[in-house]
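Novice:
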Amino acid sequence: HANAAPAPAAAPASSYKRFSEQAIARDFPTLKARLFANENPFGPSEKAKKAIVDAMANSYQYPFLLIEELTAKITTAEGVAKEQFMIGAGSTPLLQAAAMIFAKNGGGSIVAADPSYDYLPEEASKFFNAKWVKVPLTPDYKHDLDAMEKAIDANTSLVYICNPNNPTGTVVDTAKLKAFCERVSKRVPVFVDEAYIDYLPDPKGTTLIDCVKKGHNVIVARTFSKLHGFAGLRVGYIVAQPDMIKSFEPYSSSWGAIAATSANAALASYGDTDFLKEALKKTNESKEYLYAVLKKEGYTYIPSSTNFVMFPLNMDSERFVEEMMKRGVGVRSWKFNSKEWCRVSIGRMDEMKAFEEAFKQLS
Ligand code: PMP
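Listed below in structure tokens is the structure:
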């Protein structure tokens, strides 16, 4: 039929056994609720959007000064030297660089929790033949710092800690983590990924940047992708000792790591407490709504300090995810502690309602 509209592309038949967030985004471009990548739909701020437009007029120029200005703003606020700082196009290139640096041509091993954000240990093991030594979480789904310390041996080249942890949304006790880092970093560097720290009630009191300031061999990674809502703009950074930052230099060109538009947007968003408070408030409202839906349907969940919630399923998690996708709701599956799990990112209220509607049909 010459005039027939082309059939909509069918969802691929393949199971999402090893699906990635990229695969979901490609195969399901028109989801009603995009709750699979821990993005923040309440951002970026209007000020950040205006800053992008402002920077466009001069975007034929290299962003030397904008990146310098952003570096100065962040390092001043965090109380560290410029030599202790490196910017990246999101934190991913910096995690990737760390994987290269610490895999040590295949000799090293990386001690990291499981389940945790697997990018760094996965990259290191996949591309650089390092070994990921997986340490299970405690029964309350937090980092088992004692077990992690015991897992360190002569081969360990890095300890990776994601705090708050993705995918469980849990936070480890700050005093214990600081003591752990100060002790352990005498033997091996500790990489603390603080992607979600802005969601905590007291980020300043929780950050491990304090340990960097005290001279310990700790690398702290941050990103604008989460509470600032910059996932598509790509701005992240690390804070570490100057000699450690130097070892990242072969993998970065700091003057050109991010676009002028992104740098100007980050300048507008960093320290914008009104916007950040509002985004946090909306996130918490949506999270409370999700908790209520889960309770009403008879489910438990891991109480979350972040913009995502993990809860156990009573069906195969990959099948659950596929069924949710078919209903226009993107979420992610996990298997650990011999259970099937779903991780839902916190979105706008209409997205949480779309989740509720689809979920009710499956629960
Ligand atoms: N760290 C953690 C813990 C994350 O969850 C993510 C994104 N999912 C990243 C780092 C990478 O994010 P980005 O490159 O956008 O900063």
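For the sequence shown, UniProt numbering assigns the number 30 to the initial residue and increments by one for each residue that follows. Beta carbons: idealized from backbone N, C-alpha and C, even for Gly. Remember, it's a predicted structure, so these values are computed and weren't measured experimentally.
#1: I need the DSSP call for residue 393, collapsed to helix, strand or coil.
#2: Take Thr329 and list the residues in its own chain whose beta-carbon comes closer than 7 Å to its own, dropping the five residues that flank it on each side.
#3: Just the Cα atoms here: how many angstroms apart are Ala159 and Asp182?
#4: Cβ of Cys210 versus every heavy atom of the ligand PMP: is any distance shorter than 7 Å?
#5: Buried or exposed for Lys389, going by 16 or more other Cβ atoms inside 10 Å?
#6: So is the beta-carbon of Asp147 under 7 Å away from any non-hydrogen atom of the ligand PMP?
#7: How about Cys240: is its Cβ closer than 7 Å to a heavy atom in the ligand PMP?
#8: Rounded to whole angstroms, what is the Cα-Cα separation between Phe384 and Leu206?
#9: Do you know offhand how far Val322's Cα is from Lys102's?
#10: Three-state secondary structure (DSSP) at Arg372?
#11: Could you check whether the region 296-313 touches the region 244-259, counting it as contact only if at least three pairs of C-beta atoms, one from each stretch, sit closer than 8 Å?
#12: Less than 8 Å between the C-beta atoms of Pro150 and Ile139, yes or no?
#13: Please go through the same chain and pick out, in chain order, the residues whose beta-carbon is closer than 7 Å to the beta-carbon of Cys240, but skip the five residues on each side of it.
#14: Does the distance between the C-beta of residue 2 and the nearest non-hydrogen atom of the ligand PMP fall short of 7 Å?
#15: Comparing C-alpha positions only, which one of Ser88, Ser334 and Gly261 sits nearest to Ser374?
#16: Could you check the C-alpha separation between Tyr45 and Lys242 for me, to the nearest Å?
#17: Sort Phe365, Gly285, Arg377 and Gly136 by Cα distance to Tyr89 and report the nearest one.
#18: Based on the DSSP secondary-structure assignment, which residues constitute the bridge partners of Trp363?
#19: Classify Pro35 as helix, strand or coil using the three-state DSSP reduction.
#20: Measure the Cβ-Cβ separation of Tyr318 and Met273 and say whether it is below 8 Å.
#21: Specify the secondary structure class of Lys255 as computed by DSSP and reduced to three states.
#22: Spell out a yes or no on whether the region 218-226 and the region 193-206 are touching, meaning 3 or more CB-CB pairs, one atom from each, closer than 8 Å.
#23: If you run the structure through DSSP and keep just helix, strand and coil, what is Ser44?
#24: Between Phe304 and Lys76, how many whole angstroms is the CB-CB distance? I'm expecting something under 8 Å.
#25: Quick check: what's the CA-CA separation for Val188 versus Ala288?
#26: Ignoring anything shorter than 3 residues or poking outside the region 163-193, list the beta strand (DSSP E) runs there in chain order.
#27: Do you know whose CA, among Thr199, Thr104 and Val109, lies nearest Ser145's CA?
#28: Would the C-beta of Gly342 count as close to the ligand PMP, meaning under 7 Å from any of its heavy atoms?
Specialist: In short:
#1: Any answer about residue 393 is impossible in this case: the structure gives the chain only from 30 up to 392.
#2: If you ignore the 5 residues before and after Thr329, its C-beta comes within less than 7 Å of the C-beta of Phe340 and Pro341, all in its own chain and listed in chain order.
#3: Those two C-alpha atoms are separated by around 14 Å.
#4: With a threshold of 7 Å, the Cβ atom of Cys210 does not count as near the ligand PMP, since no heavy atom of the ligand is closer than that.
#5: Residue burial is scored here from C-beta neighbours: Lys389 has fewer than 16 other C-beta atoms within 10 angstroms and is therefore classed as exposed.
#6: Asp147 Cβ: outside cutoff for every heavy atom of the ligand PMP.
#7: No, Cβ of Cys240 sits at least 7 Å from all heavy atoms of the ligand PMP.
#8: For Phe384 and Leu206, the distance between alpha carbons rounds to 35 Å.
#9: The alpha-carbon atoms of Val322 and Lys102 are separated by roughly 41 Å.
#10: If DSSP states are grouped into helix, strand and coil, Arg372 belongs with the strands.
#11: Touching, yes.
#12: With contacts defined by Cβ atoms closer than 8 Å, Pro150 and Ile139 form a contacting pair.
#13: In chain order, Lys207, Cys210, Glu211 and Val247 place their CB closer than 7 Å to the CB of Cys240, counting only its own chain and leaving out the 5 sequence neighbours on each side.
#14: Lying before the first or after the last residue shown, residue 2 is absent from the chain, which here runs from 30 to 392.
#15: Between Ser374 and the set Ser88, Ser334 and Gly261, the nearest pair of CA atoms involves Ser334.
#16: For Tyr45, the predicted structure reports a pLDDT of 45, less than 50, and the residue's modelled location is therefore unreliable. A value from the coordinates is still provided. Going from the Cα of Tyr45 to the Cα of Lys242 covers about 43 Å.
#17: Cα-wise, what sits closest to Tyr89 is Gly285.
#18: Looking at the DSSP output, Trp363 shares a beta bridge with Trp370.
#19: The pLDDT assigned to Pro35 is 48, lower than 50, so where the model puts this residue is not dependable, and the model offers no usable value.
#20: Contact annotation: Tyr318 and Met273 have beta-carbon atoms that are not nearer than 8 Å.
#21: Correct three-state label for Lys255: coil.
#22: Segments in contact, yes.
#23: With a pLDDT of only 42 at Ser44, under 50, the local geometry of the prediction cannot be trusted, and the value read off the model is given with reservation. Note: Ser44 maps to coil in three-state DSSP.
#24: Correct: roughly 7 Å between the Cβ atoms.
#25: For Val188 and Ala288, the distance between alpha carbons rounds to 31 Å.
#26: Unbroken beta strand (DSSP E) runs of no fewer than 3 residues, entirely contained in the region 163-193, are found at 185-191, following chain order.
#27: For Ser145, the nearest C-alpha among the options comes from Thr199.
#28: The sequence shown places Leu at residue 342, rather than the Gly named in the question. Checking every heavy atom of the ligand PMP against the Cβ of Leu342, none is found closer than 7 Å.
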